[in-house]
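Engineer:
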Amino acid sequence: MPSPGQMTEYWARSRNLMITVLVLWFFFGFFIHFFVKALNQISFLGFPLGFYMAAQGSLIAFVAIIFWYAHRQNKIDEEFGVAED
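In the numbering used here, the protein residues as written are 1446 to 1530.
(1) With respect to the alpha helix (DSSP H) encompassing Phe1480, which residues constitute its N-terminal and C-terminal limits?
(2) Can you tell me which of Phe1525, Asp1530 and Glu1529 puts its alpha carbon nearest to the alpha carbon of Gly1450?
(3) Just to confirm, are Ser1503 and Phe1473 a CB contact at a threshold of 8 Å?
(4) Which of the three DSSP states is assigned to Tyr1448 in this structure?
(5) Apart from the five residues just before and just after Met1498, which ones in its own chain have a Cβ nearer than 6 Å to its Cβ?
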């Protein structure tokens, strides 16, 4: 069982990871779409980039964020000895 000091560090690192994920989610979910007209000047796979980010790009980014978050959180859990078997 981790000591109280270790648990404080564990929760601090978990909180920082969660904040990072929420910032990335906000960026791909809202911030990118504010600039859709400017992004439409750029073409990606034959589609305007603004359209692509709205239709596919943000969804791909969300899935990548989920897998990255799970991987990082698992590393934190293992480091502090609270990982699931």
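The C-beta atom is built at its ideal place from N, Cα and C for all residues, glycine as well.
Structural biologist: Considering the structure as presented:
(1) Indexing the sequence shown from 1 puts residue 1480 at position 35. Here Phe1480 belongs to no alpha helix (DSSP H), and DSSP marks it neither H nor E.
(2) Translated into the one-based positions of the sequence shown, residue 1450 becomes position 5. Looking at Phe1525, Asp1530 and Glu1529, the one whose alpha-carbon comes closest to that of Gly1450 is Phe1525.
(3) Position 58 of the sequence shown holds residue 1503. Position 28 of the sequence shown holds residue 1473. Cβ atoms of Ser1503 and Phe1473: closer than 8 Å.
(4) To locate residue 1448, count along the sequence shown from 1; it is residue 3. This sequence places Ser at residue 1448; Tyr is not what is there. Ser1448: coil per DSSP, three-state reduction.
(5) Indexing the sequence shown from 1 puts residue 1498 at position 53. Taken in chain order, the residues that qualify are Ile1477.
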